[in-house]
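To start, the structure itself, in structure tokens.
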Amino acid sequence: MVALFVYLFIALFISFLCSIMESVLLSIPQSYLIVKQNEGKVWAQPFSELKMNIDKPLSAILTLNTVAHTIGAAGVGAQAVKVFGEASFGIVSAVLTLLILFLTEIIPKTIGARFWRKLTKPVYKIIKVTIFITYPFVILSALITKMFSKNDNENTTSRAEIAALASIGTEEGLFSSKENKIIQNILKLKNIKVKEIMTPRVVLATADENMNLNEFLKDKEYLKFSRIPVYSENIENITGYVMRQEVFEHLAEGNQNLKLKDLKHSILKVPNFTVLFTLWESLLEKKDHIALIVDQYGGVDGIVSMEDIIETLLGLEIMDEKDTVTDMQKFARDRWENRQVKYENIEKFNKDDQPEKPKE
1 MVALFVYLFI ALFISFLCSI MESVLLSIPQ SYLIVKQNEG KVWAQPFSEL
51 KMNIDKPLSA ILTLNTVAHT IGAAGVGAQA VKVFGEASFG IVSAVLTLLI
101 LFLTEIIPKT IGARFWRKLT KPVYKIIKVT IFITYPFVIL SALITKMFSK
151 NDNENTTSRA EIAALASIGT EEGLFSSKEN KIIQNILKLK NIKVKEIMTP
201 RVVLATADEN MNLNEFLKDK EYLKFSRIPV YSENIENITG YVMRQEVFEH
251 LAEGNQNLKL KDLKHSILKV PNFTVLFTLW ESLLEKKDHI ALIVDQYGGV
301 DGIVSMEDII ETLLGLEIMD EKDTVTDMQK FARDRWENRQ VKYENIEKFN
351 KDDQPEKPKE
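This is the structure we're talking about:
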């Protein structure tokens with residue numbers, strides 16, 4: 001009778017530990033181990049390596065679990081026949097199956113999945129011992145899996161998964177809805193083209209570079225913008241931009257006759273298919289705030305400012321006290337539609353105003 005319970009206890013206990021180890025190993029995210037590694041936890045780095053090469057610990061755990069189940073079941077069965085007779089073998093097998101199901105599968109795996117944070121460090125130590133005990137089987141398993149596994153390394157995390165994690169964190173109260181919106185927008189920067197957020201050419205406020213500062217000051221339209229593109233001869237030949245603040249400073253110093261080209265800064269030019277993240281990096285590198293967007297033929301398409309990129313990140317329109325229009329692209333579309341309506345009305349008026357041809 002004692003031997004029966006010894007076999008039963010050893011089998012259930014070892015299998016219980018194996019199930020907890022497996023559950024914790026599969027539940028713990030790599031990001032958690034990296035955080036602990038940055039906090040200076042010594043065990044985090046080797047555990048992270050085990051997580052990256054998960055075949056090794058899994059082989060050790062499953063080998064030990066299988067041995068425990070096999071020897072335990074055989075020992076319990078043999079002892080049960082000795083104690084209760086062969087007629088009890090079926091009942092003992094049924095009871096043992098239920099014990100294995102609940103005590104070595106459902107309960108320990110639930111515990112491991114729910115309390116993996118608290119169990120991470122002790123489980124790591126037990127996994128190390130398990131790998132040492134079953135090392136020959138681990139090596140054999142590694143050789144077999146290597147034959148069937150692909151050589152290419154797949155990404156462990158995708159942008160879509162990070163976006164989903166941010167949404168889950170918002171639902172759990174970790175992030176606010178605004179923080180989640182910013183994270184989602186950052187992840188989209190790689191796919192957004194500059195032409196999607198630019199201020200279109202038709203609504204650009206531009207100035208002739210040969211205009212003097214007095215003439216510039218008289219046009220109130222320029223006062224709404226901190227940086228104004230300047231052109232030579234026509235708008236298709238934008239040569240740079242001037243800063244409103246610098247114009248005011250020179251006016252205050254009495255330099256009214258200076259021309260805009262004397263205060264001109266060079267402007268970054270990028271094609272309209274450039275992704276937003278690339279432009280962001282270029283502007284930061286050049287310590288600039290504005291870029292000229294050109295089409296495939298080199299013609300002016302519009303401009304994008306650092307403010308436009310930040311608005312895309314935040315998911316809202318940043319307006320200062322001089323802004324009168326929030327969405328310049330919508331404003332451009334409205335202007336085009338108004339011109340079309342006006343043109344159609346003129347066409348209709350001209351048609352109605354024509355004298356009717358005399359009937360033959």
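1 is the number of the first residue of the sequence shown in the UniProt record's numbering; add one for each residue after it.
Note that beta-carbon positions come from the ideal geometry of N, C-alpha and C, so glycine has one too.
Taking a C-beta distance under 7 Å as the contact criterion, threonine 63 and threonine 134 qualify as a contact pair. Contact annotation: the stretch 269–286 touches the stretch 182–200, with at least three C-beta pairs closer than 8 Å.
For proline 46, the closest C-alpha among the options Arg114, Tyr124, Met198, Ser305 is that of Tyr124. Its chain contains Thr130, Ile131, Thr134, Val138 as the residues whose beta carbon lies nearer than 6 Å to that of alanine 60, once the 5 sequence neighbours on both sides are disregarded; these appear in chain order. Taking C-beta atoms under 8 Å as the contact rule, valine 194 and phenylalanine 216 fail to qualify, at a distance of about 28 Å. Within the stretch 238–313, the beta strand (DSSP E) runs of at least 3 residues that lie entirely inside it are, in chain order, 238–243, 268–271, 290–294, 300–305.
Secondary structure of proline 200 (DSSP, three-state): strand. Look at asparagine 185 here: in three-state DSSP terms it is helix. Glycine 75 and lysine 82 have their C-alpha atoms spaced approximately 11 Å apart. According to the DSSP assignment, valine 194 belongs to no alpha helix (DSSP H), since it is labelled neither H nor E. Across the structure, valine 304 and glycine 173 are spaced so that their CA atoms are roughly 35 Å apart. In the displayed model, isoleucine 228 falls within a strand according to three-state DSSP. The shortest C-alpha to C-alpha distance from glutamate 233 to any of Lys224, Ile106, Thr206, Val294 is the one to Thr206.
Secondary structure at alanine 163: helix, using DSSP grouped into helix, strand and coil. A buried status is given to asparagine 65, since no fewer than 16 other beta-carbon atoms sit within 10 Å of its beta-carbon. Beta bridge pairing from DSSP links alanine 207 with Val230. In the three-state reduction of the DSSP assignment, asparagine 65 falls in the helix class. Beta-carbon to beta-carbon, leucine 268 and leucine 292 are separated by about 7 Å, close enough to satisfy the 8 Å threshold.
Judged by DSSP in its simplified three-state form, asparagine 212 adopts strand. Taking the Cα positions, alanine 166 is about 18 Å away from threonine 312.
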